[in-house]
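Engineer: In the working numbering, the protein residues as written are 321 to 891. All C-beta atoms in this analysis are idealised placements derived from N, C-alpha and C, irrespective of residue type, glycine included. A quick note: this is a predicted structure, and the numbers were derived from the prediction, not measured.
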């Protein structure tokens, strides 16, 4: 009898224990409520509250229902009227260079060549003679006054005179053109007899002497002499970049081209839980050994607790519009006879794209000019036709930047299911002078044509190309919906029919950006089962007057239920 009673007792204990475990298992670790919560779920665009369990979304719905999931240990986040959106995703940028830009001389915002040189000269006073100085972010089209210009760009004479004893590289905001001083030219051995490189240009004066301006692949002539940074320096740069992302509400990041060294560092940092960001890495396509290794290893998804994914390849078809390196079908309006540059031979691009497709890797190709975008679409289309029987159909190939299309190619984008990583902030920064490069007809019919492309069925992924532009997503959102410069010009915006709606703009920073990384089932919207990645803003960007969008601040950034930025805890 006693044995039977003991058995019944233990069975009851087990049942009670299981019941308690089941009940506890439904309770939330966190509840977010009392704010404007936009889900990006078409079936339920807004909710009153969100419950989180561990690193994922447990439930969404009314505040009354969600509060039923509150337990003694549930952490409550009273939004106090703030706006919560899915965690913002940077669709195309360069994590290491974002951090490096914070460590080096920043030329962003310089109003003249003299001001840019002054910043470099100040740096030279504080470092040993002969040490390299790298400065980033100059843009002569944005200067209030112009120095002597040759072939569209300033020469290095003023720079060489002001800083004679340090080799200096001034990197254009686009990253595609540089000015080096005489000291750097001497080290690199660049002179009137130096051959012009394929896919680039050493700009010469009327006497056939180099001006110090190197365009596209010509930049390699000097960068190979710059000492490699230490691992500690690189790690510091990445850490600074991560902090910059978090304070700007960025929870996901498409890193547009990393080499083996950087990828191994990302893995090392992720293994120590030092990344936290959802980092989607594109392999640098010019590194054949790197590609061969990953083609053998295969794609690597959601490594180190979902911090790192490697399944894409970055290639370059042309250069930038600002440096007249973008590859055009017709000549530049402000440079007769110039068509830009094809910086990677098309046969090389075609070979890599075919191999990537066969091995299940996504490809993203930098293409800005209409000639470049057409060539890329041709390569993608031919690849799908020739390799379709042996390869996955869900390629999700991308065009990075995709600023300028010939009208005949617009419909092909959606037909081929090609994703466009288009940085709206580039329109805001470049449109005032881009019309000089392309002329009114090409600008109107084919440049920054967001609404036309969206209506055709294409998906647009937004971003900043940081450090080319500041990583602030509010600037990108504002540019998307206003088509104005950050100074609010012109009234009504440039080509206003191409404005995105606010919902389209938010989608380009969330759900469509997640789709572009094959992660739409994990993030990009606030739905049950997805990662608890949220951005909390101090005002409602979906309803406030347009001129207040740029004043919006990030209040909090959450990744997997972990608060990685809180403006209340910063100085």
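1) Exposed or buried, residue 338, counting other C-beta atoms within 10 Å across all chains shown (16 or more means buried)?
2) By how many angstroms is the C-alpha of residue 783 removed from the C-alpha of residue 771?
3) Where do the ends of the alpha helix (DSSP H) carrying residue 763 lie?
4) Between 373, 359 and 382, which lies nearest to residue 353 when the distance is taken from Cα to Cα?
5) Would you say residue 688 and residue 635 are within 8 Å of each other, going by their C-beta atoms?
6) Can you tell me whether DSSP reads residue 629 as helix, strand or coil?
7) Taking the DSSP output, what are the residues bridged to residue 736?
8) Just curious, the beta strand (DSSP E) that residue 882 is in, first and last residue?
9) Does the contact criterion of 3 or more C-beta pairs under 8 Å hold for the stretch 659-678 versus the stretch 630-650?
10) For my contact list, residue 745 and residue 796 are in at a C-beta cut-off of 8 Å; report their separation, rounded to the angstrom.
11) Starting from the Cα of residue 734, find the closest Cα among 775, 602, 790 and 667 and give me that residue.
12) With C-beta atoms as the reference, is residue 680 less than 8 Å away from residue 619?
13) Under the three-state reduction of DSSP, which class applies to residue 876: helix, strand or coil?
14) Would residue 666 pass as a contact of residue 695 if the rule is Cβ separation under 8 Å?
15) Counting pairs of Cβ atoms below 8 Å between the stretch 549-569 and the stretch 866-883, do you hit three or more?
16) Does the stretch 551-558 come close enough to the stretch 856-869 that 3 or more CB-CB pairs lie under 8 Å?
17) Check this for me: beta carbons of residue 858 and residue 413, under 8 Å apart or not?
18) Under the rule that 16 or more other beta-carbon atoms within 10 Å means buried, what is residue 889, buried or exposed?
19) Label residue 872 either buried or exposed according to how many other C-beta atoms from any shown protein chain fall within 10 Å of its C-beta, with 16 as the threshold for buried.
20) Considering just the uninterrupted stretch of the alpha helix (DSSP H) at residue 608, what are its terminal residues?
21) Assign residue 379 to one of three DSSP states: helix, strand, or coil.
22) Taking the alpha carbon of residue 816 as the reference point, which residue from 604, 799, 427 and 807 has its own alpha carbon closest?
23) Classify residue 560 as helix, strand or coil using the three-state DSSP reduction.
24) Mapping the DSSP letters down to three states, classify residue 698 as helix, strand or coil.
25) I want to know whether the stretch 405-412 touches the stretch 381-396 - three or more CB-CB distances under 8 Å.
26) Using beta-carbon positions only, say whether residue 669 and residue 637 come within less than 8 Å of one another.
27) Just how far apart, CA to CA, sit residue 847 and residue 411?
28) Assign residue 431 to buried or exposed, taking buried as 16 or more other Cβ atoms, counted over all protein chains shown, within 10 Å of its Cβ.
29) Exposed or buried, residue 365, counting other C-beta atoms within 10 Å across all chains shown (16 or more means buried)?
30) Could you tell me the distance, in whole angstroms, from the CA atom of residue 808 to the CA atom of residue 425?
31) Go to residue 622, then tell me how far its beta strand (DSSP E) extends in each direction, as first and last residue.
32) Check each candidate in 787, 439, 504 and 522 and name the one with the smallest Cα separation from residue 497.
33) Express the C-alpha separation of residue 435 and residue 442 in angstroms, rounding to a whole number.
34) For residue 487, collect the residues of the same chain with a Cβ closer than 6 Å to its Cβ; drop the 5 residues on either side in sequence, then sort them by chain order.
35) Using C-beta distances below 7 Å, list every residue in its chain close to residue 610, excluding the 5 sequence neighbours before and after it, in chain order.
36) For residue 328, which residues of its own chain have a beta-carbon under 6 Å away from its beta-carbon, when the five flanking residues on both sides are left out?
Structural biologist: Result, derived from the coordinates:
1) Here residue 338 scores only 36 on pLDDT, less than 50, and its place in the model is too uncertain to base an answer on.
2) 17 Å
3) 744-766
4) 382
5) Cβ distance not < 8 Å, so residue 688 and residue 635 don't count as in contact.
6) strand
7) According to DSSP, residue 736 shares a beta bridge with no other residue.
8) 882-886
9) yes
10) 5 Å
11) 775
12) yes
13) In the structure shown, residue 876 sits in a strand (DSSP, three-state: E or B).
14) yes
15) yes
16) With a cut-off of 8 Å, the stretch 551-558 and the stretch 856-869 do not count as touching, because too few Cβ pairs lie within range.
17) no
18) exposed
19) buried
20) 608-617
21) strand
22) It is 799 whose Cα lies nearest to the Cα of residue 816.
23) helix
24) helix
25) no
26) yes
27) Going from the Cα of residue 847 to the Cα of residue 411 covers about 21 Å.
28) With fewer than 16 Cβ atoms within 10 Å of its Cβ, residue 431 is classed as exposed.
29) exposed
30) 28 Å
31) 620-622
32) 522
33) If you take the alpha carbons of residue 442 and residue 435, they lie about 11 Å apart.
34) 452, 503, 504 and 507
35) 579, 580, 603 and 604
36) For residue 328, the pLDDT reaches just 46, beneath the cut-off of 50, and the residue's location in the model is therefore unreliable, leaving the point undetermined.
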